[in-house]
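Student: Numbering (the numbering used here), first residue to last: 194 to 680.
Using N, Cα and C, we set each Cβ at its ideal position, and we do this for glycine too.
Here is the structure:
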C-alpha cells in the first residue's frame with residue numbers, strides 16, 4: 194500500500210503535485226486531496242479541547258502520517274463527532290443570516306530522550322503520543338517508528354530538525370503521530386478530540402511551513418470572552434460569513450449541541466469566533482497562541498521594553514512568554530478605564546500593541562504602568578500618557594476612518610523665559626499619537642473621492658498638533674464621522 198507522510202503540519206520530503214492542504218505529502222504517485230485545515234478549539238484559560246478534522250481522500254489506498262506538536266501531554270484522546278462541525282455551520286447560519294443586500298466578504302527533564310506516553314487505534318486512526326527532550330532522539334525514534342510500520346520513507350531533514358528543535362526549546366515536548374488509513378472511496382474520516390492543559394489557547398502552525406503550496410485554515414474558537422482582532426497572530430484574521438464578522442455568543446444549549454464536553458468545559462455561555470488564514474504554507478512563521486491575561490493589581494508595576502534583553506517585567510520579575518496580554522485599570526486624566534496591552538516579545542517585531550475598548554495603538558517605545566498611570570519612556574525619562582487611544586474620537590478630528598494609530602515621542606526645543614534677564618532653552622518631550630485615516634467625501638461638492646489624512650495629536654492634553662492632507666483638501670467636502678476600520 195502506498196504511504197503518505199503528512200506532518201500536518203508537516204514535512205515536505207520532495208516535490209509533488211498533491212494539494213498542500215494539511216501538508217499531505219505523497220511518497221508515491223498517489224494524489225491526496227483535502228479541503229484545508231479545520232478545527233474547533235475550546236479553551237477556558239487553563240484547559241483546551243481541540244477537535245481536529247481529517248477530511249481527505251486519495252486516488253488509491255494509502256496511509257497518511259500526521260505529526261501534531263502539543264504543549265502538554267493529552268489527558269484525553271478519543272473519537273469526536275463530525276456533527277460538531279455541522280453544528281458550527283448551523284449556528285453561523287442562525288446568528289449570521291444572509292442580509293438582504295450582502296456585503297463583499299473581507300478577505301521536567303524526562304529520563305528518556307523519547308518516551309511513548311499513549312498508543313491507541315481509534316477508527317481509521319492509529320495514534321501514538323511521544324514525549325521528546327532531544328531533537329536527535331526524536332529523529333531517531335521517528336525513523337524507527339516508520340520502519341516498524343513497514344514504511345521505507347525517511348523523515349530526516351535539516352528543516353525538520355530545526356522546527357522540532359524550536360518546539361523542544363519552548364518546552365513543547367509532546368508530539369502526536371497519527372497514522373491514517375485512507376482509501377479510494379471518498380469518505381469523511383472521523384475527527385479526533387484532544388484535551389490537554391495549557392495556559393494559552395494553542396494550535397500548531399509552524400510545522401506546516403515545512404511543506405510547500407497554498408492552504409486554507411479555518412479555526413472556530415470557543416472562549417469565555419470574545420477574541421479581539423488585536424490579539425491574533427499577524428497571519429490570522431477574523432473570518433467573515435455572509436459579509437458579517439464570525440463572532441457571537443452561544444448559550445449552554447448551543448454549546449451542548451456542538452459537543453457536551455465543550456459545554457462542560459466552558460459552562461453556561463461562551464463566545465464563538467471564527468479565524469482564518471489563506472496563503473502559502475511557507476509563510477506560517479509562528480504557532481497560533483492566545484495567552485491568558487495577567488491582571489495587574491493597583492500597587493503593581495509593569496515594565497515593557499520590546500527591544501530589550503528583559504522585555505517584560507512585573508514588579509521586577511521577568512515574564513517568560515512570546516506573547517503576553519496584560520489587563521489593568523488606568524487613569525487617563527478623565528476617568529479610570531480598563532486597559533489591555535498585547536505584548537509581543539518577538540525581537541524582529543519589537544513592538545507593543547495597546548488596546549483600550551477595542552481601539553488599538555502600537556509603539557516601539559518602552560512603556561510602564563505604575564500607580565494606575567500609563568507612561569512612555571523618552572531619553573529624558575518617563576512621560577505620562579493622559580489620553581488613551583479610545584478617547585481620540587472625542588477630539589476635533591476630521592470625519593475619517595482611522596486604520597492605524599502609533600504612540601510616539603516628540604523631542605522638541607522648548608523656550609522657557611524666567612524673569613527679564615535671561616532665557617533658558619530646554620528640550621521638550623511630548624508623547625504624541627500619529628493617526629492615519631481615510632476620509633470619504635466629495636470634491637467640489639459632487640465628485641466622490643477618498644482622501645488620506647495623517648494627524649498628530651498631543652497624548653497629554655488632546656491638542657491636534659498637525660494635519661497632513663493633499664493640497665486640494667480645501668476643495669473637499671467631508672462626509673460621515675470618526676470611526677475605526679481596516680486600511
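1. Excluding the 5 residues flanking residue 461 on each side, which residues of the same chain have their C-beta closer than 6 Å to its C-beta?
2. Which residue wins for smallest C-alpha separation from residue 425, given the options 393, 631 and 407?
3. Specify the secondary structure class of residue 216 as computed by DSSP and reduced to three states.
4. For residue 300, collect the residues of the same chain with a Cβ closer than 6 Å to its Cβ; drop the 5 residues on either side in sequence, then sort them by chain order.
5. Given this structure, state the Cα-to-Cα distance separating residue 371 from residue 313, to the nearest angstrom.
6. Check whether the region 576-593 touches the region 640-652, taking contact to mean three or more Cβ pairs, one atom from each stretch, closer than 8 Å.
7. If you drop the 5 nearest sequence neighbours on each side, which residues of the same chain put their C-beta closer than 8 Å to that of residue 338?
8. If you reduce the DSSP assignment to three classes, tell me which class residue 422 lands in.
9. In chain order, which continuous runs of the beta strand (DSSP E) of length 3 or greater are located wholly inside the region 429-478?
10. DSSP state of residue 675, grouped into three classes?
11. Am I right that residue 395 and residue 241 are in contact with their C-beta atoms under 8 Å? What's the rounded C-beta distance?
12. Measure the alpha-carbon distance for residue 397 versus residue 573 and round it to whole angstroms.
13. Can you look up residue 634 in the DSSP assignment and give me helix, strand or coil?
14. Any idea what DSSP makes of residue 142, helix, strand or coil?
15. Nearest-angstrom Cα distance between residue 364 and residue 642?
16. Rounded to the nearest angstrom, how far is the Cβ of residue 545 from that of residue 484, given a contact under 8 Å?
17. Which whole runs of the beta strand (DSSP E) in the region 491-517 are 3 residues long or more, in chain order?
18. Once the 5 residues before and after residue 497 are set aside, which same chain residues still bring their CB inside 6 Å of it?
19. Give the C-beta separation of residue 420 and residue 479 to the nearest angstrom, bearing in mind that I take them to be a contact with Cβ-Cβ under 8 Å.
20. Under a Cβ-count criterion, where at least 16 other Cβ atoms within 10 Å of its own Cβ denotes burial, should residue 452 be classed as buried or exposed?
21. Would residue 245 pass as a contact of residue 417 if the rule is Cβ separation under 8 Å?
22. Roughly how many angstroms separate the alpha carbons of residue 256 and residue 512, rounded to a whole number?
23. With H, G and I counted as helix, E and B as strand and the rest as coil, what does DSSP make of residue 664?
24. With respect to the beta strand (DSSP E) encompassing residue 327, which residues constitute its N-terminal and C-terminal limits?
25. When you compare only the Cα positions, how much space is there between residue 471 and residue 526?
26. Would you kindly work out how many angstroms separate the C-alpha atoms of residue 507 and residue 494, rounded to a whole number?
27. For residue 319, which residues does DSSP report across the bridge?
28. Among the candidates 584, 583, 585 and 568, whose CA atom is the shortest distance from the CA of residue 577?
29. Taking DSSP's pairing of strands, which residues face residue 567 in a bridge?
30. Please classify residue 182 as buried or exposed, where buried requires at least 16 other C-beta atoms within 10 Å of its C-beta.
31. Note down the Cα distance separating residue 552 from residue 595, rounded to an integer number of angstroms.
32. Whose C-beta lies closer than 6 Å to the C-beta of residue 563 among residues of the same chain, with five residues either side of it excluded?
33. Quick check: the Cα distance between residue 440 and residue 318, rounded to an integer number of angstroms?
34. What is the rounded straight-line gap between the Cα of residue 619 and the Cα of residue 604?
35. Classify residue 236: buried if its beta carbon has 16 or more other beta carbons within 10 angstroms, exposed otherwise.
36. When DSSP labels each residue in this structure, what does residue 309 get in the three-state scheme?
Tutor: Well, looking at it:
1. What you label residue 461 is simply residue 268 of the chain shown in a count that begins at 1. Same-chain partners within the cutoff: 445.
2. Within the chain shown, numbered from 1, the residue matching residue 425 stands at position 232. Out of 393, 631 and 407, the CA that lies nearest to the CA of residue 425 is found in 393.
3. On the chain shown, position 23 is the one that residue 216 refers to. Because residue 216 carries a pLDDT of 34, less than 50, the predicted location of this residue cannot be relied on, and the following value inherits that uncertainty. If DSSP states are grouped into helix, strand and coil, residue 216 belongs with the helices.
4. In the chain shown, counting from the first residue as 1, residue 300 sits at position 107. Residue placement at residue 300 is poorly supported in this model, since its pLDDT is 40, which falls under 50; the coordinates still yield a value, given next. So the list is empty, once near-sequence residues are dropped.
5. The residue given as residue 371 occupies position 178 in the chain shown. The residue given as residue 313 occupies position 120 in the chain shown. Using only the alpha carbons, I get a separation of about 10 Å.
6. Between the region 576-593 and the region 640-652, the count of C-beta pairs closer than 8 Å reaches three or more; the two stretches touch.
7. Taking the first residue of the chain shown as 1, we reach residue 338 at position 145. Scanning its chain for C-beta atoms nearer than 8 Å, with the 5 sequence neighbours on each side dropped, one finds around residue 338 the residues 321 and 370, in chain order.
8. Here residue 422 corresponds to residue number 229 of the chain shown, with the count starting at 1. Residue 422: helix per DSSP, three-state reduction.
9. Segments of the beta strand (DSSP E) lying fully in the region 429-478: 440-444 and 462-473.
10. Taking the first residue of the chain shown as position 1, residue 675 is located at position 482. Note: residue 675 maps to coil in three-state DSSP.
11. By 1-based counting over the chain shown, the position of residue 395 is 202. By 1-based counting over the chain shown, the position of residue 241 is 48. Right, the Cβ-Cβ distance comes to about 6 Å (below 8 Å), so this counts as a contact.
12. If you number the chain shown from 1, residue 397 lands on position 204. If you number the chain shown from 1, residue 573 lands on position 380. The alpha-carbon atoms of residue 397 and residue 573 are separated by roughly 43 Å.
13. As a first step, residue 634 is located in the chain shown; it is residue number 441 there, counting from the start. Secondary structure at residue 634: strand, using DSSP grouped into helix, strand and coil.
14. Here the chain has residues from 194 to 680 only, and residue 142 is not among them.
15. Start at 1 with the first residue of the chain shown, and residue 364 comes out as number 171. Start at 1 with the first residue of the chain shown, and residue 642 comes out as number 449. Cα to Cα, the separation comes out at about 53 Å.
16. By one-based count along the chain shown, residue 545 stands at place 352. By one-based count along the chain shown, residue 484 stands at place 291. Contact doesn't hold; Cβ gap of about 15 Å is too wide.
17. Inside the region 491-517, DSSP marks whole beta strand (DSSP E) runs of 3 or more residues at positions 495-497 and 505-507, from first to last along the chain.
18. Counted from its first residue, the chain shown places residue 497 at position 304. Around residue 497: 505, 536, 545 and 560.
19. As a first step, residue 420 is located in the chain shown; it is residue number 227 there, counting from the start. As a first step, residue 479 is located in the chain shown; it is residue number 286 there, counting from the start. Contact between residue 420 and residue 479 fails: their C-beta atoms lie close to 17 Å from each other, not under 8 Å.
20. For the purposes of this step, residue 452 is identified with residue 259 of the chain shown, where counting begins at 1. Around the CB of residue 452, 16 or more other CB atoms lie within 10 Å, so the residue is classed as buried.
21. Counting from 1 along the chain shown, the entry for residue 245 is found at position 52. Counting from 1 along the chain shown, the entry for residue 417 is found at position 224. For residue 245 and residue 417, no; Cβs fall outside 8 Å.
22. Translated into the one-based positions of the chain shown, residue 256 becomes position 63. Translated into the one-based positions of the chain shown, residue 512 becomes position 319. Cα to Cα, residue 256 sits roughly 43 Å from residue 512.
23. By one-based count along the chain shown, residue 664 stands at place 471. Collapsing the DSSP output to three states places residue 664 in a helix.
24. By 1-based counting over the chain shown, the position of residue 327 is 134. That residue, residue 327, is in no beta strand (DSSP E); it is neither H nor E in DSSP.
25. The count along the chain shown starts at 1 and reaches residue 471 at position 278. The count along the chain shown starts at 1 and reaches residue 526 at position 333. If you take the alpha carbons of residue 471 and residue 526, they lie about 43 Å apart.
26. As a position in the chain shown, residue 507 is number 314, starting the count at 1. As a position in the chain shown, residue 494 is number 301, starting the count at 1. Taking the straight line joining both Cα atoms gives about 6 Å.
27. As a working mapping, residue 319 is identified with position 126 in the chain shown. Residue 319 is bridged by DSSP to 314 and 372.
28. The residue labelled residue 577 in the question sits at position 384 within the chain shown. Looking at the Cα atoms, 568 is the closest of the given residues.
29. Residue numbering aside, residue 567 sits at position 374 when the chain shown is read from its first letter. Residue pairing by DSSP puts residue 567 in a beta bridge opposite 562 and 578.
30. The shown model of the chain, from 194 to 680, leaves out residue 182, and the question about it has no answer.
31. The residue given as residue 552 occupies position 359 in the chain shown. The residue given as residue 595 occupies position 402 in the chain shown. The straight-line gap from Cα to Cα measures roughly 10 Å.
32. Counting from one through the chain shown, the residue named residue 563 turns up at place 370. Same-chain partners within the cutoff: 494.
33. Looking up residue 440 in the chain shown gives position 247. Looking up residue 318 in the chain shown gives position 125. A direct Cα-Cα distance of roughly 32 Å separates residue 440 from residue 318.
34. The count along the chain shown starts at 1 and reaches residue 619 at position 426. The count along the chain shown starts at 1 and reaches residue 604 at position 411. Its pLDDT being 44, under 50, residue 619 is placed unreliably in this model, and the value from its coordinates should be taken loosely. Answer to the nearest angstrom: the Cα atoms are 10 Å apart.
35. If you number the chain shown from 1, residue 236 lands on position 43. Looking at its Cβ environment, which holds 16 or more other Cβ atoms inside 10 Å, residue 236 is buried.
36. Within the chain shown, numbered from 1, the residue matching residue 309 stands at position 116. In this structure, residue 309 counts as strand in the three-state DSSP scheme.
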